[in-house]
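Heads up, the sequence shown is in my numbering, so the first residue is -8 and it goes up one at a time. What follows is a set of notes on a single structure, which appears directly below.
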Amino acid sequence: MTDSYDDDDNFGSYSMVGSFPKDFGYEPGDNEDYSTQSSDEKPRILLMGLRRSGKSSIQKVVFHKMSPNETLFLESTAKVVKDDISNSSFVQFQIWDFPGQIDFFDPAFDSELIFGNCGALVFVIDAQDEYMEALQKLHSTVTRAYKVNPKIKFEVFIHKVDGISDDHKIEIQRDIHQRANDELADAGLESLYLSFYLTSIYDHSIFEAFSKVVQKLIPQLPTLENLLDILISRSGIEKAFLFDVVSKIYIATDSAPVDMQSYELCCDMIDVVIDISCIYGLKDDGEGSAYDQETLSTIKMNNTTVLYLREVNKFLALVCILREENFDKRGLIDYNFLCFRNAIQEVFDVRNNALEGAGADSSGARVNGAANPHKARDDSVVV
Ligand SMILES: Nc1nc2c(ncn2[C@@H]2O[C@H](COP(=O)(O)OP(=O)(O)OP(=O)(O)O)[C@@H](O)[C@H]2O)c(=O)[nH]1
Ligand SMILES: [Mg+2]
């Protein structure tokens, strides 16, 4: 489940946006550091694939909190829809949702323009349908894009895998992987690397897959992972995720493998905290924010596990899973968290300074820490 109010449109400002009231978002001023960067300069994520494969649904569910059931009523996309994510999420990029019937040989299709400043190309294949035509289209799309810009990350979503048995899923993935790579090898394009994901809008898999797509566009990822590794090893934490709170995409995690259940648990915790905060956390006149620098929550589970969520900055939250016995050292965890938060802020500061000095670098997504009210301490070191 991704939305708490999926089947109900009578929740006033809560409808359509799951756990967030409609006005919970980021005002344009939040991104003022980057106002010099025009929309067209932002790195792009392209969504391509055959008609009805699920492109628009993915974009709506992940970035606009549409409930999966509502996507049944989406109309077919007639022309490219450009969606600027910079004001609703801390990672700055544009998503271009293409119509399924796009024709590359149409003179109006300008490959240089479309693939030139593209960070990632997500190709969506409907796993519930015959996929031979989709594979042909995948091949023609990626080869064309690769010729224009070999730096593009090619991501293949084997989509709509809900309702398909686990064995069959693996079989489909193996078959698609094999055929797509064979075709590339035949074309002499071994250096073109495709990543494959099994996705569905009806569970967390689409958020997980999109997290990985976005992470590849964040140049600071190794630093963030390193900081998370240090934090968990010094605090007795099992697993830690750095979340973009609005989209519930995780932009980094420690280097231990991610299991889906942990990720789902952490996503659900964000929902619970924001829901409670929306109901009880606002001032009487409705002022205030459901998510601010005071946001901190711990949940003790009945299996000796503790969940710990804390605000890192206006866009980010740290969500950790740890054993109950390690939570006895709460003071240490809190202290280490503060050091971690400062270190994250320093990473953003360095990034922002570099951007100011060198102008915009268009190859990676923008990580925006500008609105962080917490000043970096000179001596901040993660213990
Ligand atoms: N079962 C299932 N259905 C899905 C999933 N994702 C999308 N759909 C359905 O697929 C249908 C087509 O979705 P769209 O998002 O409009 O597809 P599209 O690729 O944007 O189509 P065009 O705009 O025509 O190219 C809708 O009825 C969605 O509800 C999924 O993960 N599982
Ligand atoms: Mg569409």
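For every residue, glycine included, the Cβ atom is placed at its ideal position computed from N, Cα and C. Predicted model, so just to flag it, every value in this text is computed and none were measured.
Between the Cα of residue i and the Cα atoms of the options, which residue gives the shortest distance?
i	options	result
residue 188	271, 152, 52 and 67	152
residue 108	174, 211, 155 and 34	34
residue 112	270, 211, 95 and 148	148
residue 209	309, 324, 342 and 220	342
residue 248	167, 317 and 199	199
residue 71	268, 85 and 253	85
residue 313	267, 301, 229 and 334	229
residue 75	50, 91, 227 and 63	50
residue 116	336, 38 and 339	38
residue 123	170, 162, 98 and 102	170
residue 110	100, 136, 95 and 308	136
residue 192	57, 126 and 165	57
residue 306	224, 271 and 332	332
residue 177	215, 236, 134 and 164	134
residue 291	272, 318 and 266	318
residue 150	340, 43 and 60	43
Distance check for residue j and residue i, CA to CA, integer angstroms please.
i	j	result
residue 143	residue 294	43 Å
residue 73	residue 105	12 Å
residue 213	residue 154	36 Å
residue 40	residue 330	44 Å
residue 87	residue 141	19 Å
residue 303	residue 255	20 Å
residue 156	residue 179	34 Å
residue 158	residue 167	14 Å
residue 175	residue 204	21 Å
residue 145	residue 244	22 Å
residue 90	residue 118	18 Å
residue 130	residue 172	9 Å
residue 284	residue 138	46 Å
Check residue i in the structure and name its three-state DSSP category.
i	result
residue 51	helix
residue 91	coil
residue 284	coil
residue 72	strand
residue 310	strand
residue 223	helix
residue 321	helix
residue 46	helix
residue 211	coil
residue 345	helix
residue 229	strand
residue 101	coil
residue 234	strand
residue 65	coil
With a threshold of 8 Å between beta-carbons, can residue i be considered close to chain D, or not?
i	result
residue 124	Among the chains in the structure shown there is no chain D, since it carries only a single protein chain.
When you measure from the CB of residue i to every non-hydrogen atom of ligand 4, does any distance come out below 7 Å?
i	result
residue 129	With respect to ligand 4, the structure shown offers nothing to examine, as its ligands consist of ligand 1 and ligand 2.
At what residue ranges does the region 136 to 203 contain a whole run of the beta strand (DSSP E), taking only runs of 3 or more?
-> Runs of the beta strand (DSSP E) inside the region 136 to 203: 144 to 150 and 185 to 189.
Of all the beta strand (DSSP E) runs that stay within the bounds of the region 103 to 140, which reach a length of 3 or more residues?
-> For the region 103 to 140, the continuous beta strand (DSSP E) assignments of 3+ residues that do not extend past its boundaries occur at 109 to 117, in sequence order.
Taking a cut-off of 7 Å, which residues have a beta-carbon closer than that to any heavy atom of ligand 2, in chain order?
-> 46, 47, 65, 67, 68, 88, 90 and 91
Whole alpha helix (DSSP H) elements within the region 244 to 307, 4-residue minimum = 251 to 267
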